[in-house]
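Asker: Take a look at this one; I'll ask things after.
There are 2 protein chains.
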Amino acid sequence: MGRPLKSEAREDTRGELVDAAWRLFSTAGYDATPVEAILDAVGLSKGAFYYYFSGKEDVLDAVVGRMVDEMALEIEGIPHIKDLSPIEKMNRFMEEISKWKLAHMDILSEAVKVIYRDKNTIIRYKMNRKAVQEFTPALAEIVAEGVEKGVFDVEQPEDAAEMILLLSNAMAEQQAADVIRLKNDPESMQRVIRRTKLYLETIEKVIGSPRSIFPLYDKRIQEMEKALKSGRVKENGV
Amino acid sequence: MGRPLKSEAREDTRGELVDAAWRLFSTAGYDATPVEAILDAVGLSKGAFYYYFSGKEDVLDAVVGRMVDEMALEIEGIPHIKDLSPIEKMNRFMEEISKWKLAHMDILSEAVKVIYRDKNTIIRYKMNRKAVQEFTPALAEIVAEGVEKGVFDVEQPEDAAEMILLLSNAMAEQQAADVIRLKNDPESMQRVIRRTKLYLETIEKVIGSPRSIFPLYDKRIQEMEKALKSGRVKENGV
DNA sequence: AGAATATAAACCGACGGTCGGTATATTATA
DNA sequence: TATAATATACCGACCGTCGGTTTATATTCT
Chain W
1 MGRPLKSEAR EDTRGELVDA AWRLFSTAGY DATPVEAILD AVGLSKGAFY YYFSGKEDVL
61 DAVVGRMVDE MALEIEGIPH IKDLSPIEKM NRFMEEISKW KLAHMDILSE AVKVIYRDKN
121 TIIRYKMNRK AVQEFTPALA EIVAEGVEKG VFDVEQPEDA AEMILLLSNA MAEQQAADVI
181 RLKNDPESMQ RVIRRTKLYL ETIEKVIGSP RSIFPLYDKR IQEMEKALKS GRVKENGV
Chain P
1001 MGRPLKSEAR EDTRGELVDA AWRLFSTAGY DATPVEAILD AVGLSKGAFY YYFSGKEDVL
1061 DAVVGRMVDE MALEIEGIPH IKDLSPIEKM NRFMEEISKW KLAHMDILSE AVKVIYRDKN
1121 TIIRYKMNRK AVQEFTPALA EIVAEGVEKG VFDVEQPEDA AEMILLLSNA MAEQQAADVI
1181 RLKNDPESMQ RVIRRTKLYL ETIEKVIGSP RSIFPLYDKR IQEMEKALKS GRVKENGV
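Top to bottom, those sequences are chains W and P. At position 188 of the first sequence the residue is numbered 188 (this note's numbering), and the sequence of numbers has no breaks. At position 88 of the second sequence the residue is numbered 1088 (this note's numbering), and the sequence of numbers has no breaks.
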């Protein structure tokens, strides 16, 4: 009853709640996670929750905000890395994003399955919107540099950057459906490969760069193609 | 108690329920519409609802299915219209889609605002997925014809078609945010215009067509630009 | 008449959110 | 410095809503 003794005082209660919510949302999904589950995980009661948040959606915003912000830190550094060409920076950028999308849901291989479940639409939606907002400036900087140095060709780097991020999200969404049921199914495997290629080509067209500027992805695609031929199929994210 | 008298017998109860759900979902949003509201609108009780549908999501699927199917009818005809070049068919295709996205939410000018509210994420998500699935074949056919006739240049018409539809959805999503708060705000107005241009250019690049093959859109853009200069700004869909 | 159908009515349980209260911490005051 | 006043952090009972279930019952078909 009442405020707990100092002995068990918390350091950052709100943070703990966000943590717990993060874990639960990303495994069970937003809708399927009762507020009480978050409280149980931290050992608090309703009152505490509504002391820190205005409602359930509020904690979702906090979770999404934290995920994106964390990523933004890394992303924002990329344009200013010395000794990297704009093309290399583009590669780095896309690598980071795809890595992040997977890595941030604890159980790595299960991540895609979990985050792309229909139930998690709201989370993804909010993540995507925020990601586009936050990452566009950094990507635009890279693109602009590429234009300056004559390797890319666009009129509005900002718009191109936004377009690329939108594309990236849309692709991820689309690929997920196939990746999820990737049980050695060569059919959908091939579709994933074809789509990925087209996706990269489209990006190249959008920034008006020379072809095949994404060796990292190309390597990955080759691996997938090899795996496809050899029969066994490994899971792979977008 | 029990089944009502014959006097108020219904013709197509299920259909009426889908209708009502449609209206309510598209105005209030899916989450904000209790099953009971649907029942009230039709004058039935819980029992009837769960007789026709397995649950709330079931009725959502029915609603989405009906919307997309209705559209699919029109779309599927386009590839086989005589006396239309592939480019003209592309135009027609995109016109229909953009028209449909607006026209199908009763109050026309309010449509965008309503359907793109955060609350309606799930509906849009399901609509988009189904739309991509259903419309890809027709669009692919158009693209393939264009390739045959030498006006377009792609390797896999199916993939290109899918990509275009994905892009279209992503753009719509992005534009909505600006369109919604389009209260004579020249800033976002300009952004909408720039994005639309880039969107069209990207499509052209994806299908490897000559530039500026979308006169209808170009005209619309010009109108928007004119409106922008003259000060007063009209709302416009994607 | 009796089986199948279509619907009503009552109810359940889960969940989001509210609220009054309470124990500790901090600051102001005498 | 002791004490009063207030702010902070939290508890837990309760409420209303809503999705879904169950059971009863009137209608139609055979």
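Glycine is no exception: its CB is placed at the ideal position from the N, C-alpha and C atoms.
Would the beta-carbon of residue 213/W fall within 8 Å of that of residue 197/W?
Answerer: Position 213 of the first sequence, counting from 1, holds the residue named residue 213/W. Position 197 of the first sequence, counting from 1, holds the residue named residue 197/W. Cβ atoms of residue 213/W and residue 197/W: not closer than 8 Å.
Asker: Just to confirm the assignment: which complete alpha helix (DSSP H) runs, minimum length 4, are found wholly within the segment 1033-1116 of chain P?
Answerer: Listed in chain order, the complete alpha helix (DSSP H) runs (minimum 4 residues) inside the segment 1033-1116 of chain P are 1035-1042, 1046-1052, 1056-1077, 1086-1103, 1111-1115.
Asker: Within 10 angstroms of its Cβ, does residue 230/W collect 16 or more other Cβ (buried), or is it exposed?
Answerer: Here residue 230/W is taken as the residue at index 230 of the first sequence, counted from 1. The residue in question, residue 230/W, is exposed, as its Cβ has fewer than 16 Cβ neighbours within 10 Å.
Asker: Please compile the residues from chain P whose C-beta is within a distance smaller than 9 Å of the C-beta of residue 147/W.
Answerer: Start at 1 with the first residue of the first sequence, and residue 147/W comes out as number 147. Those do not exist, as residue 147/W stays about 15 Å from chain P at its closest Cβ, beyond 9 Å.
Asker: Taking buried to mean at least 16 other C-beta atoms within 10 Å of its own C-beta, is residue 2/W buried or exposed?
Answerer: For this step, residue 2/W is matched to residue 2 along the first sequence. Only weak support exists for where residue 2/W lies, its pLDDT of 45 falling under 50; the value from the coordinates is given anyway. Residue 2/W comes out exposed.
Asker: State whether the segment 84-94 of chain W contacts the segment 145-155 of chain W, with contact taken as three or more CB pairs (one from each stretch) at a distance under 8 Å.
Answerer: Flag = yes, the segment 84-94 of chain W and the segment 145-155 of chain W touch.
Asker: Let me see if you follow: with CB-CB separation under 8 Å, is residue 120/W close to chain P or not?
Answerer: As a first step, residue 120/W is located in the first sequence; it is residue number 120 there, counting from the start. Chain P contact via Cβ: absent.
Asker: Would you say the segment 94-101 of chain W touches the segment 26-39 of chain W, given that touching needs at least three Cβ pairs under 8 Å?
Answerer: With a cut-off of 8 Å, the segment 26-39 of chain W and the segment 94-101 of chain W do not count as touching, because too few Cβ pairs lie within range.
Asker: Is it buried or exposed for residue 148/W, if we count other Cβ within 10 angstroms and need 16 for buried?
Answerer: Position 148 of the first sequence holds residue 148/W. It is exposed - the Cβ of residue 148/W has fewer than 16 other Cβ atoms within 10 Å.
Asker: Applying a beta-carbon distance threshold of less than 9 Å, which residues of chain P neighbour residue 159/W?
Answerer: Counting from 1 along the first sequence, the entry for residue 159/W is found at position 159. Going along chain P in sequence order, the residues near residue 159/W (Cβ under 9 Å) are 1191, 1194, 1195, 1197, 1198.
Asker: Using a Cβ distance threshold of 8 Å, determine whether the segment 163-171 of chain W contacts the segment 45-62 of chain W, with at least three qualifying pairs required.
Answerer: Result no; under three Cβ-Cβ pairs closer than 8 Å.
Asker: Determine, for residue 1205/P, whether the minimum Cβ-Cβ distance to residues of chain W falls below 8 Å.
Answerer: To locate residue 1205/P, count along the second sequence from 1; it is residue 205. Closer than 8 Å to some Cβ of chain W, the Cβ of residue 1205/P qualifies, so yes.
Asker: Alpha carbon to alpha carbon, how far is residue 1027/P from residue 1061/P?
Answerer: As a working note, residue 1027/P is residue 27 in the second sequence. As a working note, residue 1061/P is residue 61 in the second sequence. For residue 1027/P and residue 1061/P, the distance between alpha carbons rounds to 17 Å.
Asker: Helix, strand or coil, according to DSSP, for residue 230/W in the structure here?
Answerer: The sequence position of residue 230/W within the first sequence is 230, counting from 1. Coil.
Asker: Assuming residue 131/W and residue 143/W form a contact by the criterion Cβ under 8 Å, report the distance between their Cβ atoms to the nearest whole angstrom.
Answerer: Position 131 of the first sequence holds residue 131/W. Position 143 of the first sequence holds residue 143/W. At roughly 17 Å, the Cβ-Cβ gap does not stay under 8 Å, so residue 131/W and residue 143/W are not in contact.
Asker: Apart from the five residues on each side of it in sequence, which residues of its chain come closer than 7 Å, Cβ to Cβ, to residue 141/W?
Answerer: As a position in the first sequence, residue 141/W is number 141, starting the count at 1. Same-chain partners within the cutoff: 79.
Asker: By alpha-carbon positions, which one of 115/W, 170/W, 191/W ends up nearest to residue 178/W?
Answerer: Taking the first sequence and counting its residues from 1, one reaches residue 178/W at position 178. Measuring from the Cα of residue 178/W, the nearest candidate turns out to be 191/W.
Asker: Along the chain, where does the alpha helix (DSSP H) that runs through residue 157/W open and close?
Answerer: In the first sequence, counting from the first residue as 1, residue 157/W sits at position 157. Taken as a continuous stretch (DSSP letters only), the alpha helix (DSSP H) holding residue 157/W covers 157-180.
Asker: Nearest by alpha-carbon distance to residue 1064/P: which of 1170/P, 1199/P, 1135/P, 1124/P is it?
Answerer: Counting from 1 along the second sequence, the entry for residue 1064/P is found at position 64. Taking only the C-alpha atoms, the option nearest residue 1064/P is 1124/P.
Asker: Hey, is residue 1091/P's beta-carbon within less than 8 Å of any beta-carbon in chain W?
Answerer: Within the second sequence, residue 1091/P is the residue found at index 91, counting from 1. No, residue 1091/P lies away from the interface with chain W (no Cβ there is under 8 Å from its Cβ).
Asker: At a CB-CB cut-off below 8 Å, which residues of chain W make contact with residue 1202/P?
Answerer: Here the question's residue 1202/P lines up with position 202 in the second sequence. In chain order: 163, 202, 205, 206.
Asker: Kindly list, in the order they appear in chain W, the residues whose Cβ is closer than 7 Å to that of residue 1125/P.
Answerer: Reading the second sequence from its first residue, position 125 is the one you call residue 1125/P. Ordered by position in chain W, the residues that pass the 7 Å Cβ test against residue 1125/P are 121.
Asker: Out of 205/W, 127/W, 139/W, 200/W, state which residue places its alpha-carbon closest to the alpha-carbon of residue 25/W.
Answerer: The residue you call residue 25/W lines up with position 25 of the first sequence. Per the Cα distances, 127/W.
Asker: Which term fits residue 1195/P, buried or exposed, when burial requires 16 or more other beta carbons within 10 angstroms of its beta carbon?
Answerer: On the second sequence, residue 1195/P is found 195 positions in, with the first residue counted as 1. Classification for residue 1195/P: buried.
Asker: For residue 248/W and chain P, any beta-carbon pair shorter than 8 Å?
Answerer: Examination of residue 248/W is not possible in this model, given that chain W is present from 1 through 238 alone.
Asker: Using a Cβ-Cβ distance cut-off of 8 Å, determine whether residue 28/W contacts chain P.
Answerer: Taking the first sequence and counting its residues from 1, the one referred to as residue 28/W is at position 28. No, no contact with chain P.
Asker: Report yes or no: is there a C-beta of chain P within less than 8 Å of the C-beta of residue 156/W?
Answerer: Indexing the first sequence from 1 puts residue 156/W at position 156. So yes, residue 156/W belongs to the interface.
Asker: Should residue 1146/P go down as buried or exposed, given a rule of 16 or more other Cβ atoms within 10 Å for buried?
Answerer: The count along the second sequence starts at 1 and reaches residue 1146/P at position 146. So residue 1146/P counts as buried.
Asker: Residue 1167/P CB to nearest chain W CB: under 8 Å?
Answerer: Here residue 1167/P is taken as the residue at index 167 of the second sequence, counted from 1. With 8 Å as the cut-off, residue 1167/P counts as an interface residue toward chain W.
Asker: Could you spell out the range, first to last residue, of the alpha helix (DSSP H) harbouring residue 25/W?
Answerer: As a working note, residue 25/W is residue 25 in the first sequence. Per DSSP, residue 25/W belongs to the alpha helix (DSSP H) from 13-28.
Asker: Do residue 75/W and residue 116/W have their C-beta atoms within less than 8 Å of each other?
Answerer: Working through the first sequence from its first residue, we reach residue 75/W at position 75. Working through the first sequence from its first residue, we reach residue 116/W at position 116. No; because the gap between Cβ atoms is not below 8 Å, this pair is not in contact.
Asker: Thinking just about the alpha-carbon of each residue, which of 202/W, 224/W, 211/W is nearest to the one in residue 187/W?
Answerer: Within the first sequence, the letter at position 187 stands for residue 187/W. For residue 187/W, the nearest C-alpha among the options comes from 224/W.
Asker: For residue 1051/P, count the other beta carbons within 10 Å of its own beta carbon; 16 or more makes it buried, fewer makes it exposed. Which is it?
Answerer: One-based indexing of the second sequence puts residue 1051/P at position 51. Under this definition residue 1051/P is an exposed residue.
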